[in-house]
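Undergrad: Got a structure for you, questions after.
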Amino acid sequence: MAFRFEELKVWQMALDLSNEIDLLSKKFPVEERFSLSSQIKRAADSVVLNIAEGSTGQTKPEFKRFLDIALRSAVEVVACLFMAIKRNYISKEEFDKNYTAYEVICKMITKLRDSM
């Protein structure tokens with residue numbers, strides 16, 4: 000692996016989850032394409048991208064800063080999930096699956112950040 004982030008389990012999980020969110024957002028109504036659908040996808044992608052960018056050999060405080068941003072983006076995904084279920088865009092099962100996955104990734108990001 001050429002890049003440090005590729006070895007991070009949290010990054011690998013975030014990448015998988017961003018793909019899940021992309022598929023899930025395609026079920027949203029067309030009128031949400033430039034609103035909630037776009038927002039949840041950008042937040043999920045932000046988790047992946049900030050973990051990667053922060054791991055580029057910068058200082059530990061700088062990596063922590065990027066992990067903080069990734070954590071905030073993961074929480075944003077969860078907030079979007081609440082909006083999606085409230086608007087009946089996703090099922091309870093889809094909500095629960097993704098809520099649980101983002102709960103795990105938030106814990107992983109927090110543990111990585113606090114280990115530095």
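Taken in order, the sequence shown gives residues 0 to 115; the numbers are from numbering that gives the first Met the number 0.
Each residue gets a CB set at the ideal place from its N, CA and C atoms; glycine is no exception.
Please read these numbers as outputs of a predicted model, since none were measured by experiment.
#1: Compare the beta carbon distance of V46 and S72 with 8 Å and say whether it is the shorter of the two.
#2: If you count every other CB in all the chains shown that lies within 10 Å of the CB of N49, and 16 or more means buried, which is it?
#3: Is R86 buried or exposed, if buried means 16 or more other CB atoms sit within 10 Å of its CB?
#4: Report yes if the CB atom of L111 is closer than 8 Å to the CB atom of V9, and no otherwise.
#5: Would you tell me roughly how many angstroms separate the C-alpha atoms of L7 and K91, rounded to the nearest one?
#6: Do the CB positions of E52 and F65 come within less than 8 Å of each other?
#7: Which residues in the same chain as A13 place their Cβ atom closer than 7 Å to its Cβ, once the five residues preceding and following it in sequence are excluded?
#8: Might you give, ordered along the chain, the residues of its own chain that have their beta carbon closer than 6 Å to the beta carbon of S17, omitting 5 neighbours on each side?
#9: Taking 8 Å as the threshold (C-beta atoms), are L70 and T99 in contact?
TA: Let me lay it out:
#1: Your numbering for residue 46 matches position 47 in the sequence shown. Your numbering for residue 72 matches position 73 in the sequence shown. Yes.
#2: Walking along the sequence shown from the start, residue 49 turns up at place 50. So N49 counts as buried.
#3: Position 87 of the sequence shown holds residue 86. That one is exposed.
#4: Here residue 111 corresponds to residue number 112 of the sequence shown, with the count starting at 1. Here residue 9 corresponds to residue number 10 of the sequence shown, with the count starting at 1. It is a contact, given that the beta carbons lie within the stated cut-off.
#5: As a working note, residue 7 is residue 8 in the sequence shown. As a working note, residue 91 is residue 92 in the sequence shown. So the alpha carbons of these two residues sit roughly 30 Å apart.
#6: Locating residue 52 in the sequence shown gives position 53, where the first residue counts as 1. Locating residue 65 in the sequence shown gives position 66, where the first residue counts as 1. A contact, by the Cβ cut-off of 8 Å.
#7: Counting from 1 along the sequence shown, the entry for residue 13 is found at position 14. If we look at A13 and ignore the five residues flanking it on each side, its Cβ neighbours are V46, V47, I50, I104.
#8: By 1-based counting over the sequence shown, the position of residue 17 is 18. Answer for S17: A43, D44, V47, listed in chain order.
#9: Residue mapping note: residue 99 aligns to position 100 of the sequence shown, counting from 1. Residue mapping note: residue 70 aligns to position 71 of the sequence shown, counting from 1. No, they are not a contact pair.
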